[in-house]
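Data block below; observations after.
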Amino acid sequence: MLRAIDGYEGQPAAALALRLTPHVFVRPGELCAAEWTESDLTATVWTIPGEEMKMGRPHRVPLSKQVLALVTEVREVRDEYLNTHWFLSLGQCQGQDQGVAGGVQREPTSHIPGVLRPAEFASPVGANPLR
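full-length UniProt numbering puts the first residue of the sequence shown at 1, with every later residue one more than the last.
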(Lines of atoms letter the chains of each structure in order from A; the text may use other names.)
(Lines give C-alpha, C1' and ligand atoms only; values in the text may rest on other atoms or scores of the structure.)
Protein backbone atom coordinates (compact mmCIF):
# COMPACT_ATOMS: atom_id res chain seq x y z
CA MET A 1 0.00 0.00 0.00
CA LEU A 2 2.76 2.48 0.88
CA ARG A 3 4.38 1.94 -2.52
CA ALA A 4 1.07 2.73 -4.19
CA ILE A 5 0.66 5.87 -2.06
CA ASP A 6 4.12 7.03 -3.19
CA GLY A 7 2.72 7.15 -6.73
CA TYR A 8 -0.33 9.18 -5.67
CA GLU A 9 -0.84 12.24 -7.88
CA GLY A 10 -3.51 14.03 -5.83
CA GLN A 11 -3.11 16.71 -3.17
CA PRO A 12 0.36 16.56 -1.55
CA ALA A 13 -1.10 16.98 1.95
CA ALA A 14 -3.52 14.07 1.39
CA ALA A 15 -0.63 11.87 0.25
CA LEU A 16 1.38 12.82 3.34
CA ALA A 17 -1.59 12.05 5.59
CA LEU A 18 -1.96 8.65 3.94
CA ARG A 19 1.74 7.97 4.47
CA LEU A 20 1.63 9.07 8.13
CA THR A 21 -1.45 7.09 9.14
CA PRO A 22 0.11 3.58 9.33
CA HIS A 23 2.97 4.96 11.43
CA VAL A 24 0.94 6.77 14.09
CA PHE A 25 -2.24 4.62 14.35
CA VAL A 26 -4.65 7.43 15.22
CA ARG A 27 -8.15 8.17 13.95
CA PRO A 28 -8.37 10.36 10.82
CA GLY A 29 -10.02 13.17 12.78
CA GLU A 30 -7.20 13.11 15.36
CA LEU A 31 -4.56 13.34 12.65
CA CYS A 32 -6.52 16.09 10.93
CA ALA A 33 -6.80 18.11 14.14
CA ALA A 34 -3.09 17.74 15.02
CA GLU A 35 -1.58 21.08 15.99
CA TRP A 36 2.09 21.98 15.84
CA THR A 37 1.97 23.04 19.51
CA GLU A 38 1.07 19.43 20.46
CA SER A 39 4.22 17.98 18.93
CA ASP A 40 7.71 18.06 20.37
CA LEU A 41 9.96 17.10 17.49
CA THR A 42 13.06 17.18 19.72
CA ALA A 43 11.54 14.72 22.21
CA THR A 44 9.96 12.87 19.24
CA VAL A 45 6.46 12.78 20.71
CA TRP A 46 3.05 14.11 19.74
CA THR A 47 0.67 14.53 22.68
CA ILE A 48 -2.99 14.57 21.69
CA PRO A 49 -4.98 16.51 24.33
CA GLY A 50 -7.57 14.59 26.32
CA GLU A 51 -10.37 16.75 24.85
CA GLU A 52 -9.58 15.26 21.44
CA MET A 53 -9.52 11.65 22.65
CA LYS A 54 -12.50 9.31 23.03
CA MET A 55 -11.49 8.33 26.60
CA GLY A 56 -10.80 11.94 27.60
CA ARG A 57 -7.15 11.28 28.52
CA PRO A 58 -4.08 12.74 26.77
CA HIS A 59 -2.50 10.29 24.35
CA ARG A 60 1.23 10.29 23.63
CA VAL A 61 2.22 9.18 20.14
CA PRO A 62 5.93 8.38 19.64
CA LEU A 63 7.36 9.87 16.46
CA SER A 64 9.80 7.61 14.63
CA LYS A 65 12.51 8.89 12.27
CA GLN A 66 10.18 8.13 9.36
CA VAL A 67 7.36 10.14 10.94
CA LEU A 68 9.71 13.05 11.68
CA ALA A 69 10.73 13.11 8.01
CA LEU A 70 7.07 13.09 6.92
CA VAL A 71 6.10 15.79 9.44
CA THR A 72 8.94 17.96 8.12
CA GLU A 73 7.53 17.43 4.63
CA VAL A 74 4.06 18.40 5.89
CA ARG A 75 5.47 21.71 7.16
CA GLU A 76 6.95 22.40 3.73
CA VAL A 77 3.67 21.88 1.80
CA ARG A 78 1.36 23.81 4.15
CA ASP A 79 0.65 27.47 3.49
CA GLU A 80 0.50 30.33 5.99
CA TYR A 81 -3.28 30.01 6.47
CA LEU A 82 -2.88 26.51 7.86
CA ASN A 83 0.22 27.11 9.94
CA THR A 84 -1.29 26.05 13.30
CA HIS A 85 -2.46 22.56 12.21
CA TRP A 86 -0.59 19.79 10.46
CA PHE A 87 -3.22 19.40 7.76
CA LEU A 88 -6.49 21.33 7.92
CA SER A 89 -7.98 24.11 9.98
CA LEU A 90 -9.81 22.95 13.11
CA GLY A 91 -13.16 24.03 11.65
CA GLN A 92 -12.75 21.57 8.81
CA CYS A 93 -11.95 18.75 11.24
CA GLN A 94 -15.01 19.02 13.43
CA GLY A 95 -17.95 16.70 12.90
CA GLN A 96 -17.89 13.37 11.12
CA ASP A 97 -14.12 12.86 10.83
CA GLN A 98 -14.29 14.98 7.70
CA GLY A 99 -10.63 15.85 7.92
CA VAL A 100 -8.09 13.57 6.33
CA ALA A 101 -10.59 10.82 5.49
CA GLY A 102 -13.00 13.24 3.86
CA GLY A 103 -10.23 14.90 1.88
CA VAL A 104 -9.00 11.58 0.60
CA GLN A 105 -12.52 10.46 -0.28
CA ARG A 106 -13.02 13.61 -2.34
CA GLU A 107 -9.78 13.01 -4.22
CA PRO A 108 -9.94 10.83 -7.34
CA THR A 109 -8.88 7.40 -6.13
CA SER A 110 -7.81 6.19 -9.56
CA HIS A 111 -4.37 7.57 -8.67
CA ILE A 112 -3.90 4.66 -6.27
CA PRO A 113 -5.26 1.68 -8.21
CA GLY A 114 -6.11 -1.34 -6.11
CA VAL A 115 -5.51 0.50 -2.84
CA LEU A 116 -8.32 3.01 -2.45
CA ARG A 117 -11.57 2.37 -4.24
CA PRO A 118 -15.22 3.15 -3.64
CA ALA A 119 -17.09 0.41 -1.81
CA GLU A 120 -20.75 -0.48 -1.89
CA PHE A 121 -22.42 -1.30 1.40
CA ALA A 122 -26.07 -2.01 2.13
CA SER A 123 -25.81 0.16 5.24
CA PRO A 124 -23.33 2.69 6.64
CA VAL A 125 -20.15 1.13 7.99
CA GLY A 126 -18.15 2.68 10.83
CA ALA A 127 -14.65 2.15 12.15
CA ASN A 128 -16.00 0.16 15.10
CA PRO A 129 -17.99 -2.90 13.92
CA LEU A 130 -19.33 -3.53 17.45
CA ARG A 131 -21.46 -0.36 17.57
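For each residue, glycine too, the CB sits at the ideal point set by N, CA and C.
Would you say THR72 and GLU35 are within 8 Å of each other, going by their C-beta atoms? Within the sequence shown, the letter at position 72 stands for residue 72. Within the sequence shown, the letter at position 35 stands for residue 35. No, Cβ-Cβ distance for THR72 and GLU35 is not below 8 Å.
Length of the line joining the Cα atoms of LYS65 and VAL74: On the sequence shown, residue 65 is found 65 positions in, with the first residue counted as 1. On the sequence shown, residue 74 is found 74 positions in, with the first residue counted as 1. When only Cα atoms are considered, LYS65 and VAL74 end up about 14 Å apart.
Would you grab the beta carbon distance between VAL77 and ALA13 for me? Rounded to a whole angstrom, and I think it's under 8 Å. Looking up residue 77 in the sequence shown gives position 77. Looking up residue 13 in the sequence shown gives position 13. The pair is a contact, with the Cβ atoms about 6 Å apart (cut-off 8 Å).
Just mark PHE25 as buried or exposed, buried being the case when its beta carbon has 16 or more other beta carbons within 10 Å. Here residue 25 refers to the residue found at position 25 when the sequence shown is read from its first residue. Under the 10 Å beta carbon count, PHE25 is surrounded by fewer than 16 other beta carbons and is classified as exposed.
Helix, strand or coil for THR72? Go by DSSP, reduced to three states. Start at 1 with the first residue of the sequence shown, and residue 72 comes out as number 72. In this structure, THR72 counts as helix in the three-state DSSP scheme.
Using 8 Å as the threshold, is the C-beta distance between VAL45 and LEU63 below it? As a working note, residue 45 is residue 45 in the sequence shown. As a working note, residue 63 is residue 63 in the sequence shown. Yes, these two residues count as a Cβ contact at 8 Å.
Which residues in the same chain have their Cβ closer than 8 Å to the Cβ of LEU2, if we skip the five residues on either side of it in sequence? Against the sequence shown, residue 2 aligns to sequence position 2. ARG19, PRO22.
When we look at the beta-carbon of GLY29 and count the other beta-carbons within 10 Å, is it buried (16 or more) or exposed? The residue given as residue 29 occupies position 29 in the sequence shown. Buried is the call here.
Spatial distance of GLU9 from ALA33 (CA atoms): Locating residue 9 in the sequence shown gives position 9, where the first residue counts as 1. Locating residue 33 in the sequence shown gives position 33, where the first residue counts as 1. If I take the Cα positions, the gap works out to 24 Å.
Rounding to the nearest angstrom, what Cα-Cα distance links HIS59 and ALA17 in this structure? Counting from one through the sequence shown, the residue named residue 59 turns up at place 59. Counting from one through the sequence shown, the residue named residue 17 turns up at place 17. For HIS59 and ALA17, the distance between alpha carbons rounds to 19 Å.
Residue of GLY50, LEU41, ARG57 minimising C-alpha distance to TRP86: For the purposes of this step, residue 86 is identified with residue 86 of the sequence shown, where counting begins at 1. Comparing Cα-Cα distances from TRP86 to each of GLY50, LEU41, ARG57, the minimum goes to LEU41.
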